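Novice:
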Amino acid sequence: MSAPQPTDPLGKIYAKWIDELSAMSDVSLQVLRWIFEDWQAATAEPEGVTYANTSIGGVPGILVTPLDSDPKQMVVFFHGGGFALGSSNSHRKMVGHLAKALKTHAFVLDFRLAPEHKFPAQIEDGVAVITALLKQGLRIEDITPAGDSAGGNLAIATTLTLMKENKPVPSQVLTMSPWLNMENNGITIETNDATDFLITREGLQGNIDRYIEGATSPTNPMANPLYADFKGFPRLYICAADTESLFDDSVRLNDIASKAGVDVTFSIGKNQQHVYPFQAGRLPRADEEIKLMANWYLAGRK
Numbered sequence: 004m005s006a007p008q009p010t011d012p013l014g015k016i017y018a019k020w021i022d023e024l025s026a027m028s029d030v031s032l033q034v035l036r037w038i039f040e041d042w043q044a045a046t047a048e049p050e051g052v053t054y055a056n057t058s059i060g061g062v063p064g065i066l067v068t069p070l071d072s073d074p075k076q077m078v079v080f081f082h083g084g085g086f087a088l089g090s091s092n093s094h095r096k097m098v099g100h101l102a103k104a105l106k107t108h109a110f111v112l113d114f115r116l117a118p119e120h121k122f123p124a125q126i127e128d129g130v131a132v133i134t135a136l137l138k139q140g141l142r143i144e145d146i147t148p149a150g151d152s153a154g155g156n157l158a159i160a161t162t163l164t165l166m167k168e169n170k171p172v173p174s175q176v177l178t179m180s181p182w183l184n185m186e187n188n189g190i191t192i193e194t195n196d197a198t199d200f201l202i203t204r205e206g207l208q209g210n211i212d213r214y215i216e217g218a219t220s221p222t223n224p225m226a227n228p229l230y231a232d233f234k235g236f237p238r239l240y241i242c243a244a245d246t247e248s249l250f251d252d253s254v255r256l257n258d259i260a261s262k263a264g265v266d267v268t269f270s271i272g273k274n275q276q277h278v279y280p281f282q283a284g285r286l287p288r289a290d291e292e293i294k295l296m297a298n299w300y301l302a303g304r305k
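Number 86 in our numbering belongs to position 83 of the sequence shown; there are no gaps in the numbering.
Right, here's the structure in full:
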C-alpha cells in the first residue's frame, strides 16, 4: 500500500520542503529560515489589504490594514515556525485574509526567535505589543491575540502571563493548529504521521531544544499551556486538522479549557494539513475556516 500523497497546495509545499531537506545534510538554521519564508506561497494575495513595516512597543512587524476595517480593533498575530522560523512576511497574506474577514487591523509581530533568544523572550515581546497598544488608546477588549502552531502557543501564553501579572486581559484568543506540548509525547505525532506532510517528532524536538533547553522545564505552564490553569481565561477559538500530527494538542486544549469553564469553539478540518487556513483564497475549506473565525469574532462583540 503506497503512502498518501498531498493533493492540496499546502500539503504539496510541505512535501517539497521535506524532499529538499532530505536531500541535504547538516542544514543550517539560516537555510531553514529561508525555506520557511516560502510558507506564504500557499496563500492567495487578498484584495483590498495594505501592509506597512513598523514597530509597536519596540517590536518590529507588519501592520495589516484591510479597506473599511476598524482601526480601533487589532489582532496581534504570533506567526508559527517552531519559535525559531517564520516571520511577519511569511504570514502577512494569511493574516490579511483573517483581518479582512474580521474587519479589523492586525499586527504580525516579529518576536525574537530561538535559539538566539530563549523562552520567555517571545512572550515578553507579545506583552510589550499589547501594553503599547493600550497606551495608544485601544481598549483591551478590542485587542485579540492570535497565532498559528507555535504562535498559537504564544498567543495563549501571552494571555496567561497578563492574567498572572494582574494586567488587563483580552476578551478573546484565536488559535490555528496550536503547538503546545513541549514534552513531545502527543499520541497523534505517531498515529497521524502518514497523513501529516510536514511534522515529525524529531523536528519538533529540535525546536523544543531551541526554545526552552537550559531556560525552563517542558512542563512550565507558560511554555506548555497544557499544564496551565485556564480558570478565568477568555473565550477561545481553536481550529486544527484531524489528520495533522499536532491534533492531540488541540483536543487536549479543548478538554482542559472547557473543564475550566472557558467558552471554547473547536473547529476541526477533516483531512486537512497543519495550519490549513494558510490556503485562504486557494482552497474552499480554508476560506470556510476564515469565515467561521469571523463569525465567532463578531458574535463575541455583540
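For glycine and all other residues, C-beta sits at the position ideal for the given N, C-alpha and C.
Model, not experiment: these values are computed from the prediction.
(1) By Cβ distance, which residues of its chain are closer than 6 Å to Ala45, with the 5 residues on each side in sequence left out?
(2) From Ile143, Ser248, Leu229, pick the residue whose C-alpha is nearest to that of Lys75; which is it?
(3) So, do the segment 220–229 and the segment 28–37 have three or more beta carbon pairs nearer to each other than 8 Å?
(4) Rounded to whole angstroms, what is the Cα-Cα separation between Thr194 and Arg304?
(5) Please say whether Ala243 and Phe250 have beta carbons closer to each other than 8 Å?
(6) Output the distance between the C-alpha atoms of Tyr214 and Ser91, rounded to the nearest integer angstrom.
(7) Please report how far the alpha carbon of Gly64 lies from the alpha carbon of Thr178, in whole angstroms.
(8) Mapping the DSSP letters down to three states, classify His108 as helix, strand or coil.
(9) Does the segment 121–140 come into contact with the segment 151–159, if we say contact requires no fewer than three beta-carbon pairs (one atom in each stretch) closer than 8 Å?
(10) Once DSSP output is grouped into helix, strand and coil, what is the label at Met166?
(11) How big is the Cα-Cα spacing for Pro173 and Thr164?
(12) Quick check on this structure: which residue in Ser58, Pro118, His94 has the alpha carbon closest to the alpha carbon of Gln139?
(13) In terms of alpha-carbon separation, which member of Arg115, Asn188, Pro7, Lys170 lies closest to Leu207?
(14) Inspect the beta-carbon positions of Ala47 and Ser72 and report whether they are closer than 8 Å.
(15) Exposed or buried, which one is Ile190 when buried takes at least 16 other CB atoms within 10 Å?
(16) For Tyr54, which residues of its own chain have a beta-carbon under 8 Å away from its beta-carbon, when the five flanking residues on both sides are left out?
(17) When you compare only the Cα positions, how much space is there between Ala231 and Glu23?
(18) Using a Cβ-Cβ cutoff of less than 6 Å, which residues in the same chain neighbour Thr222 once the five nearest sequence positions on both sides are dropped?
Specialist: The relevant details are as follows:
(1) Here residue 45 refers to the residue found at position 42 of the sequence shown. Correct list, in chain order: Pro12, Leu13, Ile16, Phe281, Gln282.
(2) Sequence index remark: in the sequence shown, residue 75 carries index 72 (1-based). Among Ile143, Ser248, Leu229, the Cα nearest to that of Lys75 belongs to Ile143.
(3) no
(4) Here residue 194 is taken as the residue at index 191 of the sequence shown, counted from 1. Here residue 304 is taken as the residue at index 301 of the sequence shown, counted from 1. Those two C-alpha atoms are separated by around 38 Å.
(5) Counting from 1 along the sequence shown, the entry for residue 250 is found at position 247. Counting from 1 along the sequence shown, the entry for residue 243 is found at position 240. Result yes, Cβ atoms of Phe250 and Ala243 sit closer than 8 Å.
(6) Along the sequence shown, one-based indexing puts residue 214 at 211. Along the sequence shown, one-based indexing puts residue 91 at 88. Each residue's alpha carbon lies about 19 Å from the other.
(7) Taking the first residue of the sequence shown as 1, we reach residue 64 at position 61. Taking the first residue of the sequence shown as 1, we reach residue 178 at position 175. Spanning the two alpha carbons is a distance of roughly 19 Å.
(8) Numbered from its first residue, the sequence shown carries residue 108 at position 105. Reduced to three states, the DSSP call for His108 is strand.
(9) yes
(10) Within the sequence shown, residue 166 is the residue found at index 163, counting from 1. In the structure shown, Met166 sits in a helix (DSSP, three-state: H, G or I).
(11) Within the sequence shown, residue 173 is the residue found at index 170, counting from 1. Within the sequence shown, residue 164 is the residue found at index 161, counting from 1. Going from the Cα of Pro173 to the Cα of Thr164 covers about 12 Å.
(12) Locating residue 139 in the sequence shown gives position 136, counting from the first residue. Gln139 has its Cα closest to that of Ser58, out of Ser58, Pro118, His94.
(13) Within the sequence shown, the letter at position 204 stands for residue 207. Considering only alpha carbons, the answer is Asn188.
(14) Translated into the one-based positions of the sequence shown, residue 47 becomes position 44. Translated into the one-based positions of the sequence shown, residue 72 becomes position 69. No.
(15) The residue you call residue 190 lines up with position 187 of the sequence shown. Label assigned to Ile190: exposed.
(16) Counted from its first residue, the sequence shown places residue 54 at position 51. If we look at Tyr54 and ignore the five residues flanking it on each side, its Cβ neighbours are Ile65, Leu66, Val67, Thr68, Arg95, Gly99.
(17) Position 228 of the sequence shown, counting from 1, holds the residue named residue 231. Position 20 of the sequence shown, counting from 1, holds the residue named residue 23. In a straight line, the C-alpha of Ala231 is about 38 Å away from that of Glu23.
(18) The count along the sequence shown starts at 1 and reaches residue 222 at position 219. Excluding positions up to five away in sequence, the list reads Tyr230.
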